[in-house]
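Peer 1:
Number of protein chains: 2
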Amino acid sequence: MSKTSTVKGTAVIGQSGGPTAVINQSLVGVIETIASSRAVGQLLGARHGVRGIIEEKFISLNGLSKARLDAIAQTPAAALGSSRDKPDVAYCENIFRIFAKHNVRYFFYIGGNDSADTARIVNEMAAESNYELRVFHIPKTIDNDLRVTDHCPGYGSAARFVASAFIGDDRDVASLPGIKINVVMGRKAGWLTAASALGRGDSKDGPHLVYVPEVAFRLPTFLKDVKRIYSKLGRCQIAVSEGITDETGQPIVVALALKLGHRVERDSHGNVQLSGSGTLGDFLSDFLKGELSSKYKNVRVRADTFGYLQRSFAGCVSPVDAKEARMVGRKAVEFATAGNIDGSVAIKRLKGPGYKVDYVRAELKDVARVIKNMPRTFINKAGNGVTASFINYAMPLVGDLPVSAKLF
Amino acid sequence: MSKTSTVKGTAVIGQSGGPTAVINQSLVGVIETIASSRAVGQLLGARHGVRGIIEEKFISLNGLSKARLDAIAQTPAAALGSSRDKPDVAYCENIFRIFAKHNVRYFFYIGGNDSADTARIVNEMAAESNYELRVFHIPKTIDNDLRVTDHCPGYGSAARFVASAFIGDDRDVASLPGIKINVVMGRKAGWLTAASALGRGDSKDGPHLVYVPEVAFRLPTFLKDVKRIYSKLGRCQIAVSEGITDETGQPIVVALALKLGHRVERDSHGNVQLSGSGTLGDFLSDFLKGELSSKYKNVRVRADTFGYLQRSFAGCVSPVDAKEARMVGRKAVEFATAGNIDGSVAIKRLKGPGYKVDYVRAELKDVARVIKNMPRTFINKAGNGVTASFINYAMPLVGDLPVSAKLF
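Heads up: the protein sequence lines correspond to chains A and B, in order. Under full-length UniProt numbering, the letters of the first sequence match residues 1 to 408, in that order. Under full-length UniProt numbering, the letters of the second sequence match residues 1 to 408, in that order.
1) My output table needs one value for residue 111 of chain A: the three-state DSSP class, helix, strand or coil.
2) Say the cut is 7 angstroms; is the CB of residue 44 of chain A nearer than that to a heavy atom of the ligand NAP?
3) Mind checking the stretch 305–324 of chain B against chain A and listing, in chain order, the residues whose C-beta falls within less than 8 angstroms of any C-beta there?
4) List, in chain order, every chain B residue whose beta-carbon is nearer than 8 angstroms to that of residue 19 of chain A.
5) Could you check where the beta strand (DSSP E) with residue 136 of chain B kicks off and where it finishes?
6) Out of curiosity, what's the CA-to-CA distance linking residue 69 of chain B and residue 28 of chain B?
7) Please identify the residue among B:56, B:51 and B:57 whose C-alpha is closest to the C-alpha of residue 84 of chain B.
8) Once the 5 residues before and after residue 390 of chain A are set aside, which same chain residues still bring their CB inside 6 angstroms of it?
9) Along the chain, where does the alpha helix (DSSP H) that runs through residue 49 of chain B open and close?
10) Would you mind sorting residue 67 of chain A into buried or exposed? The rule is 16 or more other CB atoms within 10 Å of its CB.
11) So that I know if they touch, is there some Cβ in chain A lying closer than 8 angstroms to that of residue 204 of chain B?
12) Taking only beta carbons into account, state which residues of the stretch 48–81 of chain A come closer than 7 angstroms to chain B, listed in chain order.
13) Take the Cβ of residue 4 of chain A as the centre, count every other Cβ of all protein chains shown within 10 Å, and call the residue buried at 16 or more, exposed below.
14) Inspect the beta-carbon positions of residue 346 of chain A and residue 71 of chain B and report whether they are closer than 8 angstroms.
15) Apart from the five residues on each side of it in sequence, which residues of its chain come closer than 6 angstroms, Cβ to Cβ, to residue 13 of chain B?
16) Rounded to the nearest angstrom, what separates residue 334 of chain A and residue 32 of chain A at their Cα positions?
17) May I have a chain-ordered list of the beta strand (DSSP E) segments no shorter than 3 residues that lie completely inside the stretch 121–196 of chain B?
18) Quick check on the DSSP output: the beta strand (DSSP E) that includes residue 409 of chain B runs from which residue to which?
19) Roughly how many whole angstroms lie between the Cα atoms of residue 203 of chain A and residue 78 of chain B?
20) Could you check whether the stretch 133–147 of chain A touches the stretch 182–198 of chain A, counting it as contact only if at least three pairs of C-beta atoms, one from each stretch, sit closer than 8 angstroms?
21) Name the DSSP bridge partner or partners of residue 348 of chain A?
22) CA-CA distance, residue 285 of chain B and residue 382 of chain A?
23) Buried or exposed for residue 230 of chain B, going by 16 or more other Cβ atoms inside 10 Å?
24) Mind checking residue 277 of chain B: buried by the 16 CB within 10 Å criterion, or exposed?
25) DSSP has residue 343 of chain A in a bridge; who is on the other side?
26) Could you tell me whether the Cβ of residue 235 of chain A comes closer than 8 angstroms to any Cβ of chain B?
27) Between which residues of its own chain and residue 399 of chain B is the CB-CB distance below 7 angstroms, once the five residues before and five after are set aside?
28) Looking at the C-beta of residue 406 of chain B, does it have a partner C-beta in chain A at a distance below 8 angstroms?
29) Could you tell me whether the Cβ atoms of residue 42 of chain B and residue 329 of chain B are closer together than 8 angstroms?
30) Which value, in whole angstroms, describes the spacing of the CA atoms of residue 179 of chain B and residue 128 of chain B?
31) What does residue 278 of chain B touch in chain A if you count any residue whose Cβ is under 8 angstroms from its own?
32) When the Cβ atoms of the stretch 146–156 of chain A are set against those of the stretch 15–23 of chain A, are three or more pairs found closer than 8 angstroms?
33) For a cutoff of 8 angstroms on Cβ pairs, would you count residue 396 of chain A as touching chain B?
34) Any beta carbon of chain B sitting closer than 8 angstroms to that of residue 110 of chain A?
35) Quick one: residues in its chain with C-beta nearer than 6 angstroms to the C-beta of residue 1 of chain B, no 5 flanking neighbours on either side, listed in chain order?
36) Nearest to residue 369 of chain A by CA position, among A:355, A:121, A:252 and A:58, is which residue?
Spelled out as structure tokens, the structure:
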């Protein structure tokens, strides 16, 4: 991609992958910044990501009122529609044909690491074809697993949801004591599950155990952990990532599905469907009931799978996350139009005091495909909890959490 | 129970049944009103309801600061701990022994219809024993199924949670189109499931189908309903009560458990465990996948079971509900001390314009045991949705709902 003068032309924006509560903040950040840019004429929204480009399903995003944009920004999930398509060579040729037809010179793609990879492929094909196109990936994912950036827009709000759920649920489990398993989203990284600990006040508060995909999950260790907490406190609140794996790296839920003879559903990226099913929670719950019932008569064991509410619940947004999601959209346009560059927008955390960030450009290749796991320093030695370092890292991202007070 | 002069003595308060997000508002309403009452000396909180009485597990609730009380009031779930015990004769004799020992003359019990029944039994035994005791039941239940009262404290906040979840989830399902089943709490009444429709903007918004326990659930009708919506809109968002039953009145989830050879867990009231498991959602999801896959290749079907988050999520409270929950606690003390009466506090909705209520006394026997179902006028003719009458009834109870805006 040549980095010459500002090109004039049409811009296309799309949203991709699993939605978040603030993905439309980034969309509106792009729309409002382009509205005041002289480099871009028309702004087209592609319906359902790259799929909308090749099918020429565009809507005009020019001339929208501030009130409408603010309402869109506050609405969870992708207002343009999303997609899980991953363009191959033929798909990209179609994209260019459409781009050329509409004189598209700017392409903004809001998404996770799969989407950054899509942006990278489109970018490289544009360079090979000597087609002057500026491609910017705008990060979003509740999984918080993109490289380079300190954290991902979308994570703070999902983490706020998870932390708020655990605060209330811990009081619920203290009210009617028992063992409670909460399954949290997180295919390969434990960032969101770890957020379950952010609302913890004192050492008796839940979650008492946190299991993430970064540490191999062993049923005997799990049982020992639960027995220890339950015999001490008379209750036990547990956070489990949907993507926990056995020692061979196979997700527990896949092992279960195969064992139960269920079909394993995969998307076009080869990802197994982990969400939208209570399988893992119900299995762990039945396992604990079976193992504990001889020692503890009528032990109360329950499991909740938080599911899609984590990413799309209306009315549980982190103010910091909403602001940053808006800013990465704005910055992408500024970088692409003023700087004549392409890449991905990354958030850089600045040295304190207090929480401050800056927005910088990252190379698409450094963000695409490979994910960022939780560092070992964020997980305790036993592999069943988080460390103070993690709490310090994540706390500024979720905003002030709801009050939780006790009588005893 | 004699209705003579004001008795001086100790008061006991307990919380019972499934917690709500505002059950501690009622607790604090009692505490702060007793603090300014001359009739009551000491106020004791029974830990874990009636269980705490017979085990003499009391904590003093006198002299708590306003700041601490306000923090407790905002915390979800029962701050005193809850219980599902249902006292029989021997149990009640124990209660009286303890009450006499501590000169307890006022008993406030916050709970649902099972708890109203407990209060009724204790009340009748007190009368038979010529023990001067004033018993007040303070209503709470997310199920909204208590008789006499217009609606139940706890319902508004749970309904707000459910409506907010459906608003965001509907946008999520529009982003990545498919069929989405959301299982909502509601053992025998559909009030909470019906609240799924409160955030609906236009006729294309979900939920597109709402199934409540008041109408027998038939799989062939369900399939026909889903096919009709999905072929028209390309997506379908469905609300299902956990307690939907077949034509014989057996809960679908019990029929499934028996079919799968699972043990059916019951509490001491004989209630089957319906929550804390993904069974129903997963069954309906698998059923639809199987039936639709031949016509719609790769149809995306997902199920979420909202679980305990509905009753205890921290930070999703209806302001109206919080205020009313506080008021029923205050009124119970006012009625019991100034009026020298016993009973249950009921909310009476006054004629408009606008939403206004008054608090009145109900007889314990009129609130205990039998539940209040949704009237047929709140459910549409086809039995798969709610009517405008229901929306008008429930809307004032949940507060302003989050914004949801669309680009197309």
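We put the beta carbon where it would ideally sit given N, CA and C, even for glycine. Everything numeric in this text was worked out from a predicted model, so none of it was measured.
Peer 2: Concretely, from the data shown:
1) strand
2) Because no ligand of any kind appears in the structure shown, any question about the ligand NAP cannot be addressed here.
3) 305, 306, 307, 308, 309, 311, 312, 313, 314, 315 and 316
4) Those are 171, 172, 175 and 176, listed as they occur along chain B.
5) 134–139
6) Going from the Cα of residue 69 of chain B to the Cα of residue 28 of chain B covers about 6 angstroms.
7) B:51
8) 194 and 378
9) Taken as a continuous stretch (DSSP letters only), the alpha helix (DSSP H) holding residue 49 of chain B covers 49–54.
10) Label assigned to residue 67 of chain A: exposed.
11) no
12) 59, 68, 71, 72, 74, 75, 76, 77, 78, 79, 80 and 81
13) Low per-residue confidence applies at residue 4 of chain A: pLDDT is 43, beneath 50, and the placement is therefore not dependable, though the value from the model is reported in the following sentence. Exposed.
14) The criterion of a C-beta distance shorter than 8 angstroms is not satisfied by residue 346 of chain A and residue 71 of chain B.
15) 30, 45 and 108
16) Approximately 11 angstroms, taken between the alpha carbons.
17) 134–139 and 179–184
18) The requested residue 409 of chain B does not occur in the structure, where chain B is confined to residues 1 to 408.
19) Taken atom to atom, the span from the alpha-carbon of residue 203 of chain A to that of residue 78 of chain B is near 20 angstroms.
20) yes
21) A:358
22) 37 angstroms
23) buried
24) buried
25) A:136
26) Not one chain B Cβ lies under 8 angstroms of residue 235 of chain A.
27) 160, 318, 319 and 320
28) yes
29) no
30) 58 angstroms
31) 277, 278, 279, 281, 282, 303 and 305
32) yes
33) no
34) no
35) With a pLDDT of only 40 at residue 1 of chain B, under 50, the local geometry of the prediction cannot be trusted, and the value read off the model is given with reservation. Same-chain partners within the cutoff: 127 and 342.
36) A:121
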